[in-house]
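Our numbering numbers the first residue of the sequence shown as 774 and each following residue consecutively.
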Amino acid sequence: MNIPKSFDQVDQWKSIIFLYDSALREINTKIEILNNEFVHIYNYNPIEHIKSRLKTPDSIVKKLKRYGYDVTIDNMVEKLNDIAGIRIICSFTSDIYQIAEMITKQSDVTVLYVKDYIENPKPNGYKSYHMVVTIPIYLTDGPVDTKVEVQIRTVAMDFWASLEHKIYYKFEGNAPAYLQQELKACADVVNMLDKKMFSLNQAILELSEAQKP
Ligand code: GTP
Ligand code: MG
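Laid out in C-alpha cells, this is it:
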C-alpha cells in the first residue's frame, strides 16, 4: 500500500485507519448492491446479515507481537490482512460460493488469496470461506489498494464459530480435551444441519417449480 505523500503531514495512524474504514464502507456497499440485485432478479435474498469491524489498536499490537514483528505502521499494513474485516452470513452453503464469485467478479476487487475451510475444515471443526481482497480507495492523490478480510459462512457455521471463539478465549486456547471433543461433535451436528436444510430447500424449490402453471 502506497501512502500518499500528502499524508506526511498528518498523523499516519489516523490516515491508515481512515483508509481501512473507507475500504469497509466500499465493500459493504458493494455487497448490499449485489444482494439487492439478487433480490430484484431472482426474488431471493442470499444474505442473512453482514457484520464488519475494524481491528482495535490493542489487537493490532498483540497480533504483531504474536507474529514476532516490530510494532510499526509499515508492519501493520504489510503483515496484517484483517485490520478491516467483513463477515457475510448466508442461508445455505451454496450461497457462500455464489457470493464469493460475485465479489471476485467485481473488476476493481483483487483477490490476494482464499482459504476454503468449507472444503478443508480445521481439525477443531471450524468451517468458513475466507478471502483476502484489496479494493482501491480513491483519494485526491490517486487510488490506494486497501486490504479487507472477507469471511463468508452460513448461519449454522456462524453459530458454532461464535461459541467456539468464546470458549477458546475463556481458556486462552487451552480448553480441556473433552470440551474440544464436544465442540467437534457440535461442528458435525452443525454440518449435518446445513446439509439437511440445503436438501429441504432444494425439495421446496423443486415443488414450487412443479406447481408453476
Ligand atoms: P489469524 O491470525 O487468527 O487471523 O489467522 P490467519 O491469519 O491464519 O487467518 P485464518 O484465515 O486462518 O483466520 C482468520 C480469522 O478466521 C480469525 O481471525 C477468526 O476470525 C476466524 N477463525 C479462524 N480459525 C478459527 C477457529 O478455529 N475458530 C473460530 N471461532 N474462528 C476462527
Ligand atoms: Mg484474525
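Ideal Cβ placement from N, Cα and C applies to all residues, glycine included.
Taking the beta carbon of residue i as the centre, do at least 16 other beta carbons fall within 10 Å, making it buried, or is it exposed?
| i | result |
| --- | --- |
| Gln-924 | buried |
| Ala-960 | buried |
| Tyr-840 | exposed |
| Lys-900 | buried |
Per DSSP, what kind of secondary structure is residue i in: helix, strand or coil?
| i | result |
| --- | --- |
| Glu-892 | coil |
| Glu-945 | coil |
| Gln-782 | Residue placement at Gln-782 is poorly supported in this model, since its pLDDT is 45, which falls under 50; the coordinates still yield a value, given next. Here Gln-782 sits in coil by DSSP. |
| Asp-967 | helix |
| Gln-984 | coil |
| Leu-797 | helix |
| Pro-830 | helix |
Per DSSP, what are the beta-bridge partners of residue i in this structure?
| i | result |
| --- | --- |
| Gln-924 | Arg-860 and His-903 |
| Pro-916 | Tyr-911 |
| Lys-824 | Arg-860 |
| Thr-883 | Thr-907 |
Under 7 Å: does the beta carbon of residue i sit that close to some heavy atom of the ligand GTP?
| i | result |
| --- | --- |
| His-822 | no |
| Lys-985 | no |
| Asp-831 | no |
| Arg-888 | Looking at the sequence provided, one finds Lys at residue 888 rather than Arg. Yes, the beta carbon of Lys-888 sits closer than 7 Å to at least one heavy atom of the ligand GTP. |
| Lys-878 | no |
| Val-920 | It is worth fixing the name first, because residue 920 is Lys in this sequence and not Val. The answer is no for Lys-920. |
| Asn-897 | yes |
| Asp-961 | no |
Using a Cβ-Cβ cut-off of 8 Å (strictly less than) and excluding sequence neighbours within five positions of residue i, which residues of its own chain qualify?
| i | result |
| --- | --- |
| Glu-821 | Ile-862, Cys-863, Ser-864 and Val-928 |
| Thr-919 | Met-774, Leu-792, Tyr-793, Ser-795, Ala-796, Ala-857, Thr-907, Ile-908, Pro-909 and Ile-910 |
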